[in-house]
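Residues 1 to 635 (the UniProt record's numbering) are what the sequence shown spells out, left to right.
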Amino acid sequence: MTGSMFTPQAPLGSIPGPVEPTPSALATLAPLALSDVSLTTGFLGDWQRRSAARSLPYCVGRLDGAGALTNLRRVTGEADGDFENMWFADSDIYKTLEAAAWQLGATPDNAELRTFVDTTAALLAKAQAEDGYLNSYRMLKEPDRRWEALHWSHELYCAGHLIQAAVAAARSGVGAEVVTVARRLADLVVERFSTVDAVDGHPEIETALVELYRVTGHRPYLDQAKRFVDLRGRGLLDGERFGSAYLQDHEPVRDTDSVTGHVVRQLYLLAGVVDVAVETHDETLLAAARRLWDDAFGAKTYVTGAQGSRHRDEAFGDPYELPPDRAYGETCAAIASFHWNWRMLLATGEVRYADEMERALYNVIAGSTALDGEHFFYSNTLHLRSGHDGSHEDAPSGRLPWYSCACCPPNLARLLASLSGYLLTTDHSGLQVHLYAAGDVRTTVDGHDVHVAVRTDYPWDGRVVLTVTTDAAVTLSLRVPRWATEVRLDGDVVEARDWYVQVQRDWSCGATVTLDLPMAPRIIAPHPRIDAVRGCVAVARGPLVYAVEQADLPAGVTLEDVRIDPGAPIAAGRLPDIPVTLTVAGAVETAESDELYPAAARTHTEPLELTAIPYFLWGNRTPGPMRVWIPVTTG
Numbered sequence: 001m002t003g004s005m006f007t008p009q010a011p012l013g014s015i016p017g018p019v020e021p022t023p024s025a026l027a028t029l030a031p032l033a034l035s036d037v038s039l040t041t042g043f044l045g046d047w048q049r050r051s052a053a054r055s056l057p058y059c060v061g062r063l064d065g066a067g068a069l070t071n072l073r074r075v076t077g078e079a080d081g082d083f084e085n086m087w088f089a090d091s092d093i094y095k096t097l098e099a100a101a102w103q104l105g106a107t108p109d110n111a112e113l114r115t116f117v118d119t120t121a122a123l124l125a126k127a128q129a130e131d132g133y134l135n136s137y138r139m140l141k142e143p144d145r146r147w148e149a150l151h152w153s154h155e156l157y158c159a160g161h162l163i164q165a166a167v168a169a170a171r172s173g174v175g176a177e178v179v180t181v182a183r184r185l186a187d188l189v190v191e192r193f194s195t196v197d198a199v200d201g202h203p204e205i206e207t208a209l210v211e212l213y214r215v216t217g218h219r220p221y222l223d224q225a226k227r228f229v230d231l232r233g234r235g236l237l238d239g240e241r242f243g244s245a246y247l248q249d250h251e252p253v254r255d256t257d258s259v260t261g262h263v264v265r266q267l268y269l270l271a272g273v274v275d276v277a278v279e280t281h282d283e284t285l286l287a288a289a290r291r292l293w294d295d296a297f298g299a300k301t302y303v304t305g306a307q308g309s310r311h312r313d314e315a316f317g318d319p320y321e322l323p324p325d326r327a328y329g330e331t332c333a334a335i336a337s338f339h340w341n342w343r344m345l346l347a348t349g350e351v352r353y354a355d356e357m358e359r360a361l362y363n364v365i366a367g368s369t370a371l372d373g374e375h376f377f378y379s380n381t382l383h384l385r386s387g388h389d390g391s392h393e394d395a396p397s398g399r400l401p402w403y404s405c406a407c408c409p410p411n412l413a414r415l416l417a418s419l420s421g422y423l424l425t426t427d428h429s430g431l432q433v434h435l436y437a438a439g440d441v442r443t444t445v446d447g448h449d450v451h452v453a454v455r456t457d458y459p460w461d462g463r464v465v466l467t468v469t470t471d472a473a474v475t476l477s478l479r480v481p482r483w484a485t486e487v488r489l490d491g492d493v494v495e496a497r498d499w500y501v502q503v504q505r506d507w508s509c510g511a512t513v514t515l516d517l518p519m520a521p522r523i524i525a526p527h528p529r530i531d532a533v534r535g536c537v538a539v540a541r542g543p544l545v546y547a548v549e550q551a552d553l554p555a556g557v558t559l560e561d562v563r564i565d566p567g568a569p570i571a572a573g574r575l576p577d578i579p580v581t582l583t584v585a586g587a588v589e590t591a592e593s594d595e596l597y598p599a600a601a602r603t604h605t606e607p608l609e610l611t612a613i614p615y616f617l618w619g620n621r622t623p624g625p626m627r628v629w630i631p632v633t634t635g
C-alpha cells in the first residue's frame, strides 16, 4: 500500500470530506467522499448523532451567550458595547459554522442549522471590510494595527478557520456567501503576505489555504501556504514569555528533530506541512514530518493518545515527561493529532498513523464530551486526585458546560460532523478499512461501484462482518491494530501484511467476510523512563484504555491507596450503561504511621477486587477521583 499516487475525482453530487488531495498529489491513498459513508447504530454512529442533536446546537446557542456573534454585530453597528471574550473568539464562530456545513451536507432539511449558516454568512459579509479584512477584535479594538504583533494576534489563525468553514460549505453545497467572504479574505492574505516575511503565532492558515486550493484550483493559495511553512522557524515572531520554541519559530521545519512548544500549534503546523508536502511533491518536507512524528509518538504521548504535559504553556514536555496527574492533554491537541495522522496515512499508507487515530479517538477525544453532549473537558487528566481543587477551569474536577477559551467544543462538533470522511480509503487496487464502525459504504474503485455493509459492535466486540458487492476485482484491506494477536478471518488464523489483512473474492453476487480481532484484556507497563508512573500499570481492552474511578470503590477506600495485582486474571463484566467493565484482583495498602514518609513505615494490606471502566466514560456518574496508572501490589 505504498509508493503510488492516486486520488480519484469525486463523483458528481458527492460531498468530499475535509481533506481531499488533488489527483497529482504525492499520496498513496485517497479518502472516500463524506457522502460515501453512512454510519448506522453503533459506537461511532451513535456518537455522531448525539453530537448533531446535542453538541452542535449547544455550540450554536453559546455563540450568542458568550458574545462571539455580538462582537460581529458591534462591527456592523447592530450592537453596542465593547469587545468581549477572547481576542480570537471569531474562530469559535468559524468552527461551529464548519460543523454546521458538514452536518447540512448529511441532513439538508435541518432548518435551524440552515438559518444559522445563512444568517451568520450575511453577518460576516456585512462586517467584512471593503478590502476583505475580517477580524472583530482588531476592527473594534485596534483598527490601525492590522497584521501587527502576529505572535499573539491570531489574525491568520482565525482566517484559517473561516477558510475551512468555507471549504465545508463549498463541498456540502451550502452557504455560498461563506465561500465568497472567505475567498475575499484569503485573497487579501495572499496579496499582503506574498511579499512580506511573516507568519502567525498560531499555525492553522497553512492547512486551510491548501484545502482552499484543492477546492478552487487557485494556485496562489497553495503557494502562500508553502511560503508560510518555509518561513516558519526563522525567528520572525516575538517569543515573549515562553520563547520562540513555544511558537515553533526557533528552527526551520526541515531542520528540526523534535516537536516542541504549544501542542495544538505544533500539530496544526504539521498538518499543514503534510498538505504542502504532498501537493508540491516535497519529499524533504514529508521526511521532516515523519521525523517529528517519531519524536511525538515515541516519547511525548500519553497512553490515552493525549499530548501535552505542561499546563503553564499548554506544551509538550521533555521526552518521557508524562506525569498523569499533571497531564494537560488538551482536547484540541487530540483533534489536531487525529488530523495530522490522517494526512500521514493518506500520504504513506502506513498503519501506525491509523493506530494513533484510533487511540486518540476512542480515549481522549471520546472522553472529552459527557454523555449528555453538553459538558466538555478542555484538558484531559489521567489522574484526578482525592481532594483535588477543581475550582479553576484549567483543571476542573469534571466536565464544564463552556470555557472562557471555548476552542474545544466547536472543534469537537466539526470533527464529529465530518467523522465519516476519516474511516476508509481507496487506491487503484481496492478499498482499505482503517477504523471499524457499523455503517453502509457506497463508493467507486477505479470506476466500479462498490457497496460494503459493515456490521460490528466495535470497540466492545472485536467481530467485524463486512458484506461486499461489486463486479470489480477489488482487494479489501482490513487494518489489524498493533494490540491485536491471533487475528482470524472467517474463523481461520491469518497473517497480516504490513498490518493489513488483504482479502480477494468474487464479489459479484455479494460475499461476506468476518474479521475477528482478539479482545482479551491486557496489562500495559509504562516505558521505564517515565518516572511519574514507575511501579504502575494500566489496563486496556481492544482500543480502549481503562481507569479506576472512586465511584466503584467501597466506602472508606481512598483511590490513592488502591493497588493492582498485574499477574492476576482480568475478567470482563458490565455495569448499567457501560457495556464492558474489567475486574481484577488488587489490594488496599494503608500506612500505619503518620510520618511524613509513610513508605518507610509498615503498611496494612487488605485484598480488594478492582473494577475498571473505559477511560472515556469517567466522570459521567458520581463525581470523584480517577486514575489510569495503578500502582502494583507490593506483596
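No residue lacks a Cβ here, since even glycine has one placed at the ideal position from N, Cα and C.
For clarity, every value in this text was computed on a predicted model and none was experimentally measured.
Thinking C-alpha only, which one of the options is nearest residue i?
i    : options                   : result
T475 : L559, L346 and H428       : H428
A66  : Y320, R146 and Y403       : Y403
Y302 : T633, T634 and W629       : W629
P203 : R291, K226 and A166       : K226
G239 : G272, L150, H311 and A555 : L150
H375 : L34, S35, W483 and C59    : C59
V210 : V229, A547 and R54        : V229
A169 : L140, V117 and A306       : V117
G105 : D92, V452 and S420        : S420
G367 : A33, W47, I524 and L34    : W47
V548 : A555, R529, L582 and P566 : L582
D223 : F193, T590 and W87        : F193
Q432 : V450, R479 and T467       : R479
D200 : A101, G175, F88 and Y94   : F88
L123 : S172, L72, A79 and D90    : L72
V452 : R482, G398, C509 and R497 : C509
G233 : A585, M519, D255 and V450 : D255
K95  : R114, L56 and A587        : L56
D490 : L424, R463, T207 and S477 : R463
Could you please give the first and the last residue of the uninterrupted beta strand (DSSP E) stretch that includes residue i?
i    : result
D295 : Premise fails: D295 lies in the alpha helix (DSSP H), E283 to A299, not in any beta strand (DSSP E).
H604 : T603 to P614
E549 : L544 to E549
R146 : Run containing R146: none; DSSP gives neither H nor E here.
V190 : Looking at the DSSP string, V190 is not in any beta strand (DSSP E); the run it does join, the alpha helix (DSSP H), is A176 to F193.
A587 : I578 to A591
Mind checking which residues open and close the alpha helix (DSSP H) that includes residue i?
i    : result
C158 : E155 to S172
L412 : C408 to A417
Y58  : L56 to G65
Y246 : Taken as a continuous stretch (DSSP letters only), Y246 belongs to no alpha helix (DSSP H), as it is neither H nor E.
L123 : A111 to A127
Provide the residue(s) that pair with residue i in DSSP beta bridges, ordered along the chain.
i    : result
P566 : P566 pairs with nothing; no bridge assigned.
I524 : A538
M626 : L384 and E549
P31  : T425
R455 : V465
P631 : C536
Q48  : None; Q48 has no bridge partner.
V503 : L476
What separation, rounded to the nearest whole angstrom, lies between the Cα atoms of residue i and residue j?
i    : j    : result
A572 : E20  : 41 Å
I564 : Q504 : 45 Å
D249 : C405 : 24 Å
R627 : H383 : 4 Å
P8   : R385 : The pLDDT assigned to P8 is 36, lower than 50, so where the model puts this residue is not dependable, and the model offers no usable value.
K300 : N135 : 35 Å
A551 : L185 : 51 Å
D295 : W340 : 14 Å
A525 : A417 : 35 Å
T348 : V174 : 32 Å
G624 : V533 : 21 Å
A334 : I365 : 6 Å
T456 : T467 : 12 Å
D516 : R482 : 14 Å
L345 : H434 : 10 Å
R621 : V450 : 43 Å
- Just checking, does the region 213–225 make contact with the region 119–132 on the three C-beta pairs under 8 Å criterion? no
- Message: Could you check whether the region 313–330 touches the region 255–275, counting it as contact only if at least three pairs of C-beta atoms, one from each stretch, sit closer than 8 Å?
- Response: yes
- So, do the region 538–547 and the region 350–365 have three or more beta carbon pairs nearer to each other than 8 Å? These segments touch.
- Task: Tell me, please, whether the region 273–282 touches the region 305–325 by the rule of three or more beta-carbon pairs shorter than 8 Å.
- Result: no
- Query: Taking contact to mean at least 3 C-beta pairs separated by less than 8 Å, is the region 156–167 in contact with the region 77–96?
  - Reply: yes
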